[in-house]
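Take a look at the structure below.
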Amino acid sequence: MASAACLAVAGGSRRPDGPGEPRRPAVKVFRRSRTGCFTCRLRRKKCDENRPACTMCTSLGLRCSYQPPRWWSTDEQRLAQRDRINRRIRQTKIMEKEGNFYKYRDQIAALLEVQQGAGLMDVDLFPTQVPSPPGTPRLQPVPQVSSQSAPPPPTFDRLVLPTYSGPGPSQAPPPTPRLPFRVLTRTVSKSPPPASQQFFHSLAADSFEGTDGQERLAESVRDLMPVGDTSRLLLDHFIDNVLRTVFPILEVRQGPHLHISEVLRLMQNNPAYLRCCLSVGAIHLKNSWGLDDQMDHAIMEHRYGAISRLSRGLDHGSDLMQTLNATLGVIFYHSFVATSEDYLPDIPWNHHFEGLSTLVKKLDSPPSSLNVALIAWIDIIGATMLGTTPKFSHTYRQRHTTGIRSGLQHVMGCDDRIMYLISEIACLEALWIEGGLGEKDLYQHVCVLNEHINWTEATDLVVIHPYEPNGAINPEKLSVIMTALFRLAARLYVHSILPAFDSHDATVMSWVTRMCEILQYIPAGPMGFDRCLAWPLFIAGLYSVPFSQFRKTLTERVAALGFLGNFGSIGRMYNVLKEVWRVADETGSVLGSGTRPPRVPPVGDVGQPSEQQQDQEKPQEDGTQKPEKRYIHWREVMRGKNWDYLLM
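Taking full-length UniProt numbering, the leading residue of the sequence shown gets 1, the next gets one more, and so forth.
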């Protein structure tokens, strides 16, 4: 006979205790949830069923899925997946114990505090006290051809503006002189010579076209950079599938492949940079082959190795150039391969860039021409993503007024002058968000910047197809097309700051339509150049109306990329646009209306309604009140999804 102390669990009831026995609490029966995520079910852990990712998976950096994954189909695959998860958890625990991720982030924050205290927030990319290395051409300011040349761009902290004559653009002034390209050059490196100097000389003279060239390059690298067997696949994949595709504009230009030679030198002589490349190779391999969780261990192993070496470099304050190069690689390559579904722990790109901007001031020699272009590219586009002032805005302003190039057109395809103006627009937007000027001043600044955009257009060439008779791409013609797209995106960006901006305005729709027309001149597909246009496509997509042809064209071009359209800046850009469009459609809001988040009102504006608010408060002809227009800003959507992306 069962003991009287035994508890019955049927129906949740409990058998009464026997005479003289103390009452005992009922025993709860926990039934395994059938609606929890499959990762928790595999680990036999309780899932709180938060969506899209549960708390347990998020804290451990595990993929959380509520749809049956492929590894759920057989017991053998489940066991293999459980082993992978256990390795990932052990790795995460070690990282938390040693604290390198958090230590590195704290070091960057400390550097930023020192930078702010020393007044070095706006520094020059080139330290003025350091002479240029031998062989680097000295670019002198372009002399003014006439007194009618474009005036210097506005300085927003102390600009004396002309009388504002209305929001419409005026006629463009006479053409300004065209500036020559700045040729990429290698700077003198203090790193030890490579194991095979002859290989790098042959690389500089050889175009390495075709599959045979790729195989020859990978085979040569095997002798220069010996790695373990487990990392060999990642190294080869990075060289053949990332390095040869991450700079498509440089690839179409004739001449020596200096960028490939420079990257290979860094991989050979900079352990943190090599670790970064191996991690990026693993991410690209995972995303392009659909390997799900199989590559997570390799990704985190090399990511952790790169961060550890960067942390030690910041500790000792030595090899600053190596630390800068590795940090730049971490930011740039990750934006090229990451997806919107990344769940592995990582440091946000802007935290890396905070440290990088401080390191630039401490260098004994200037960065290479390629790195200068990458720093400017990240800085300017990153500022537009964050709504902040670019770190080196003063440098871009000086270079724009003196005609000095930063190599942006050579690397990314867009004319340096347009990028400098985008930097100025980012400065204006940051000032507006912070409450540093009123609406009247804002309109005046937008008018001035629109004039400068007009001046660049007056001196540019006509957009034509970039193909030569032999079928090759003409890089100069391609640059004209890409510059035209960035210029229109800059127009949209600067006008979107205005409170009265409306994506249904006829002028705004005409700009988006024109971008759609110009986009037809850009070669599409895996061998095309759409992945270089994430930012202008993003801006046009934000301000395209639901019935716009641009949305259909963009969808078709992303689909034409195949698997390449699923990751990197182009994949993330398209995912953000789809989410913004969805939210706008569900809420009935106006897309991308001009940066009107809660802000501190400027002096004198307190208690005074804006012109837009006064207009909305006026009754209509029938006596009824105008319905208040609902606005939505894309940064709010991204913040709601925890998407801190760099769409470059």
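Just so you know, even glycine gets a beta-carbon here, dropped at the ideal spot from N, CA and C.
Remember, predicted model here, so these are calculated numbers, not experimental data.
The residue among Ile453, Ile260 and Ala298 with its C-alpha nearest the C-alpha of Asp229 is Ala298. By the Cβ-count criterion, Gly541 is buried, with 16 or more other Cβ atoms from all chains shown falling within 10 Å of its own Cβ. Within the model, the alpha-carbon separation for Leu374 versus Arg582 is close to 33 Å. In the three-state DSSP reduction, Tyr631 falls in the strand class (E or B).
The shortest C-alpha to C-alpha distance from Arg78 to any of Arg44, Asn642, Ile108 and Glu556 is the one to Arg44. For Arg90, the closest alpha carbon among the candidates Gln268, Glu301, Thr402 and Leu485 is that of Glu301.
Here the alpha carbons of Ser423 and Thr389 stand approximately 8 Å from one another. The Cβ atoms of Leu646 and Trp455 do not sit closer than 8 Å to each other. Sixteen is the threshold: since fewer than 16 other Cβ atoms of the shown chains lie within 10 Å of the Cβ of Glu636, the residue is exposed. Look at the segment 468 to 546 and you find these whole runs of alpha helix (DSSP H), each 4 residues long or longer: 475 to 496, 506 to 519 and 534 to 542. In the DSSP assignment, Val590 forms a beta bridge with Tyr631. Minimum Cα-Cα distance from Leu324 among the listed residues Ser357, Ser340 and Glu341 corresponds to Ser357.
Looking at Met419, Lys578 and His351, the one whose alpha-carbon comes closest to that of Leu488 is Met419.
Pairing Phe567 with Val337 gives a Cβ-Cβ distance under 8 Å. By the criterion of at least three beta-carbon pairs nearer than 8 Å, the segment 398 to 406 is not in contact with the segment 508 to 518. Exposure of Met527 is indicated by the presence of fewer than 16 other C-beta atoms within 10 angstroms of its C-beta.
Residue state for Phe567 is assigned as coil, using DSSP reduced to three classes.
In this structure, the alpha-carbon of Arg557 lies about 7 Å from that of Gly525. Between the segment 354 to 370 and the segment 312 to 320 there are three or more inter-stretch CB-CB distances shorter than 8 Å, so the stretches are counted as touching. Pairing Pro52 with Pro68, the inter-Cα distance amounts to about 14 Å.
Taking the C-beta atoms as reference points, Val252 is found nearer than 8 Å to Ile473. By the C-beta density criterion, Arg309 is buried, having at least 16 other C-beta atoms within 10 angstroms.
For the alpha helix (DSSP H) assignment, the uninterrupted runs of no fewer than 4 residues enclosed by the segment 285 to 368 are, from N- to C-terminal side, 296 to 316, 320 to 337 and 349 to 362.
When only Cα atoms are considered, Lys578 and Ser231 end up about 36 Å apart. When C-alpha distances from Glu341 are compared across Met648, Asn642, Cys37 and Gly36, the shortest belongs to Asn642.
Counting only the Cα atoms, Gly438 lies some 43 Å from Ala559. In the structure shown, Cys276 falls within a helical segment according to DSSP collapsed to helix, strand and coil.
Between the C-alpha atoms of Trp289 and Val372 there is a straight-line separation of about 33 Å. Contact between Ile378 and Met648 holds: CB atoms are separated by about 7 Å, below the 8 Å threshold. The straight-line gap separating the alpha-carbon atoms of Ala272 and Leu320 is approximately 12 Å. In the three-state DSSP reduction, Asp415 falls in the coil class, being neither helix nor strand. Leu278 and Ser261 have their alpha carbons spaced roughly 17 Å apart.
For Val590, the CB contacts under 8 Å within the same chain, skipping 5 residues up- and downstream, are Asp502, Ser503, His504, Ala584, Lys629, Arg630, Tyr631 and Ile632 in chain order. Taking C-alpha positions only, Arg303 is separated from Phe547 by approximately 43 Å. Per DSSP, the continuous alpha helix (DSSP H) segment holding Gln268 begins and ends at Leu258 to Asn269. Boundaries of the alpha helix (DSSP H) harbouring Tyr396: Ser393 to Thr402, taken from the DSSP string.
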